[in-house]
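Protein chains: 2
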Amino acid sequence: MERIKNIACFSKLNDEQLEKLKKISVVKKYNAKEILFYEGDTPIYLYVLLQGTLKVYKTNHKGQQIFLHQFYPGGLVAELAHFENIPYPATAEFTSNSEVLRIDYAALEKDFFKNPEISMEIIKSLIAKHRILIDIIQKEVVLTADAKIAKFILENGELFATLKNTQIASILNITPETLSRTLSRFKVSGWIEMNDKHDIHILDKMALEEML
Amino acid sequence: MERIKNIACFSKLNDEQLEKLKKISVVKKYNAKEILFYEGDTPIYLYVLLQGTLKVYKTNHKGQQIFLHQFYPGGLVAELAHFENIPYPATAEFTSNSEVLRIDYAALEKDFFKNPEISMEIIKSLIAKHRILIDIIQKEVVLTADAKIAKFILENGELFATLKNTQIASILNITPETLSRTLSRFKVSGWIEMNDKHDIHILDKMALEEML
DNA sequence: TTTTTTCCTTGACATAAGTCAATGTTTTTT
DNA sequence: AAAAAACATTGACTTATGTCAAGGAAAAAA
Numbered sequence: 055m056e057r058i059k060n061i062a063c064f065s066k067l068n069d070e071q072l073e074k075l076k077k078i079s080v081v082k083k084y085n086a087k088e089i090l091f092y093e094g095d096t097p098i099y100l101y102v103l104l105q106g107t108l109k110v111y112k113t114n115h116k117g118q119q120i121f122l123h124q125f126y127p128g129g130l131v132a133e134l135a136h137f138e139n140i141p142y143p144a145t146a147e148f149t150s151n152s153e154v155l156r157i158d159y160a161a162l163e164k165d166f167f168k169n170p171e172i173s174m175e176i177i178k179s180l181i182a183k184h185r186i187l188i189d190i191i192q193k194e195v196v197l198t199a200d201a202k203i204a205k206f207i208l209e210n211g212e213l214f215a216t217l218k219n220t221q222i223a224s225i226l227n228i229t230p231e232t233l234s235r236t237l238s239r240f241k242v243s244g245w246i247e248m249n250d251k252h253d254i255h256i257l258d259k260m261a262l263e264e265m266l
Numbered sequence: 055m056e057r058i059k060n061i062a063c064f065s066k067l068n069d070e071q072l073e074k075l076k077k078i079s080v081v082k083k084y085n086a087k088e089i090l091f092y093e094g095d096t097p098i099y100l101y102v103l104l105q106g107t108l109k110v111y112k113t114n115h116k117g118q119q120i121f122l123h124q125f126y127p128g129g130l131v132a133e134l135a136h137f138e139n140i141p142y143p144a145t146a147e148f149t150s151n152s153e154v155l156r157i158d159y160a161a162l163e164k165d166f167f168k169n170p171e172i173s174m175e176i177i178k179s180l181i182a183k184h185r186i187l188i189d190i191i192q193k194e195v196v197l198t199a200d201a202k203i204a205k206f207i208l209e210n211g212e213l214f215a216t217l218k219n220t221q222i223a224s225i226l227n228i229t230p231e232t233l234s235r236t237l238s239r240f241k242v243s244g245w246i247e248m249n250d251k252h253d254i255h256i257l258d259k260m261a262l263e264e265m266l
């Protein structure tokens with residue numbers, strides 16, 4: 055597979071190693087809304103997202119989804135659970151038609167972990183995930199709803215053009231009502247404006263940054 | 055230093071490597087309440103806690119501390135920030151008189167990261183931290199105050215004997231009032247009882263587990 | 001285009017947890 | 001042992017955000 059070579063994590067492998075990897079892995083296709091694994095499942099495979107998108111979320115006491123992260127192609131999914139030998143800590147659901155490389159974890163560990171290049175890549179991947187987790191904590195624990203929204207406008211303002219308010223609200227783990235009210239407030243304060251096509255335009259960057 | 059050998063992360067080093075490590079590190083002493091680093095600081099050193107305790111917290115918009123984690127001897131502190139070259143994401147404050155091994159990070163990276171044993175140890179440490187972060191998310195985002203308290207009773211019940219309610223409340227990031235009210239409710243429901251010496255005794259484990 | 005469905009907005013109300021304040025109880029200091 | 005400080009409990013109130021409901025706007029389907 056040429057595609058494996060293009061995955062950051064495996065880009066440093068030589069041909070022989072790629073052959074080995076090929077033998078312990080298989081490409082699987084999934085449709086949007088299919089579940090890759092559920093919170094609590096026991097991990098057997100390591101997944102690499104080749105194509106599509108995958109969202110990861112937890113479920114709270116009321117059965118509501120708490121969005122944690124969206125994976126894009128190239129991402130190593132849930133390697134943590136393997137190392138620790140614990141059940142998956144969250145549920146992963148495809149949000150578009152996707153392909154994953156499914157790797158036999160036990161074989162991978164045996165053959166590849168002694169390779170320093172690979173270890174370094176795994177460290178990098180873990181650190182990237184680490185950072186995601188810290189951002190989640192920042193977002194969910196430290197920020198108010200207003201601050202979350204201000205942050206999202208500043209960092210992902212362009213997404214307003216493509217996403218519905220309900221989708222943004224679910225990324226931020228707030229209700230659409232709260233999002234709507236806050237956006238109105240920001241507009242009235244003259245901090246932002248939105249044109250007909252749901253494009254957002256920042257008028258007072260300072261004021262938004264003040265919220266964080 | 056004999057003590058370095060006893061740190062899990064460096065236990066696999068040979069004498070020559072230990073010598074090298076010695077050259078790029080130094081032992082520092084701190085008193086309780088001293089700050090090792092602030093959220094936002096730029097990391098230069100990697101720290102290993104040799105003795106004492108260190109708590110890590112973030113500060114919210116009202117200036118209140120949000121407790122994240124307590125380190126005990128042997129813990130690698132905040133290695134993430136180094137790899138990513140980002141400022142520390144939280145503040146670290148000693149909670150008792152402590153000693154840390156302060157390691158020159160740049161030198162460490164140069165000399166040690168090619169060693170597969172060390173990489174593996176770093177991976178393990180990262181994963182341990184990863185797990186801590188997931189637990190924090192679980193605790194702060196998914197659980198209600200009641201559930202947090204039930205979980206704490208089930209998992210750390212013995213700590214009631216040694217900690218004040220204010221300390222427990224601050225670990226759980228709730229107010230002492232909420233803790234007090236919830237404990238009364240649990241007592242009235244006949245799920246727990248507490249003797250004169252602040253020892254807790256679980257009467258209905260099932261009921262507590264139901265809360266999670 | 002018309003109809004249907006989904007989405008957005010707004011108001012009224014609910015809820016969980018925090019805040020403040022008062023009083024009582026431990027623990028620590030003197 | 002007395003005094004001071006820290007801690008715990010309880011009630012009344014506040015606050016941020018969620019919930020429910022209804023009407024209008026936009027998007028999708030017919």
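For the protein sequence lines, the chains are A and B, in the order given. Per the numbering used here, the first sequence runs over residues 55 to 266. Per the numbering used here, the second sequence runs over residues 55 to 266. Ideal placement from N, C-alpha and C gives every residue a C-beta, glycine not left out. Being a predicted model, the structure only gives us computed values, none of them experimental.
Contacts of residue i in chain A (Cβ-Cβ under 8 Å)
i: residue 180 of chain B; result: 177, 180, 181 and 184
Residue i burial status per 10 Å Cβ neighbour count (16 or more: buried)
i: residue 79 of chain A; result: buried
i: residue 234 of chain A; result: exposed
i: residue 257 of chain B; result: exposed
i: residue 92 of chain A; result: exposed
i: residue 152 of chain B; result: buried
i: residue 129 of chain B; result: buried
i: residue 242 of chain A; result: exposed
i: residue 97 of chain B; result: buried
i: residue 126 of chain B; result: exposed
i: residue 144 of chain B; result: buried
i: residue 112 of chain B; result: buried
i: residue 65 of chain A; result: exposed
i: residue 236 of chain A; result: buried
i: residue 215 of chain A; result: exposed
i: residue 179 of chain A; result: buried
i: residue 146 of chain B; result: buried
Those residues which DSSP pairs with residue i across a bridge
i: residue 146 of chain A; result: A:91 and A:110
i: residue 83 of chain B; result: B:153
i: residue 131 of chain A; result: A:101
i: residue 124 of chain A; result: A:109
i: residue 158 of chain B; result: B:99
i: residue 247 of chain A; result: A:255
i: residue 118 of chain B; result: Looking at the DSSP assignment, residue 118 of chain B forms no beta bridge with any residue, so it has no partner.
Listed by chain order, chain B residues near residue i by CB distance under 8 Å
i: residue 127 of chain A; result: Here the premise fails: no neighbours, minimum Cβ distance about 21 Å.
i: residue 173 of chain A; result: 170, 173, 174 and 177
Listed by chain order, chain B residues near residue i by CB distance under 9 Å
i: residue 243 of chain A; result: The contacting residues do not exist; residue 243 of chain A stays about 18 Å from chain B at best.
Amino acids of chain B, ordered along the chain, whose beta-carbon sits closer than 7 Å to that of residue i
i: residue 143 of chain A; result: 188
beta-carbon residue i near the ligand NAD non-hydrogen atom, thresh 7 Å
i: residue 102 of chain A; result: Judged by which ligands are present, the structure shown has none, so any question about the ligand NAD falls away.
Output needed in chain order: residues of the segment 186-201 of chain A with a Cβ under 8 Å from some Cβ in chain B.
Sequence-ordered contacts of the segment 186-201 of chain A with chain B read 187, 188, 190, 191, 192, 194, 195, 196, 197, 198 and 201 [C-beta pairs closer than 8 Å].
Count the C-beta pairs between the segment 196-209 of chain A and the segment 166-179 of chain A that are closer than 8 Å, then say yes if the count reaches three, no if not.
no
Could you run through the segment 225-240 of chain B and flag, in chain order, every residue whose CB is less than 9 Å away from some CB of chain A?
The segment 225-240 of chain B vs chain A, Cβ under 9 Å: 227.
Give a yes or no on contact between the segment 182-189 of chain A and the segment 219-231 of chain A, applying the rule of three or more CB pairs nearer than 8 Å.
no
Contact set between the segment 87-120 of chain B and chain A, restricted to residues whose Cβ is under 7 Å from the partner:
112, 114, 115 and 120
Got a sec: which bits of the segment 158-171 of chain A sit with their beta carbon under 9 Å from any beta carbon on chain B, in order along the chain?
167, 168, 169 and 170
Inter-stretch contact at 8 Å, needing at least 3 Cβ pairs: the segment 103-115 of chain B / the segment 83-93 of chain B
yes
So does the segment 190-200 of chain A actually touch the segment 108-128 of chain B, counting three or more Cβ pairs closer than 8 Å?
yes
Is it true that the segment 171-185 of chain A meets the segment 173-183 of chain B, where meeting means three or more beta-carbon pairs spaced less than 8 Å apart?
Contact annotation: the segment 171-185 of chain A touches the segment 173-183 of chain B, with at least three C-beta pairs closer than 8 Å.
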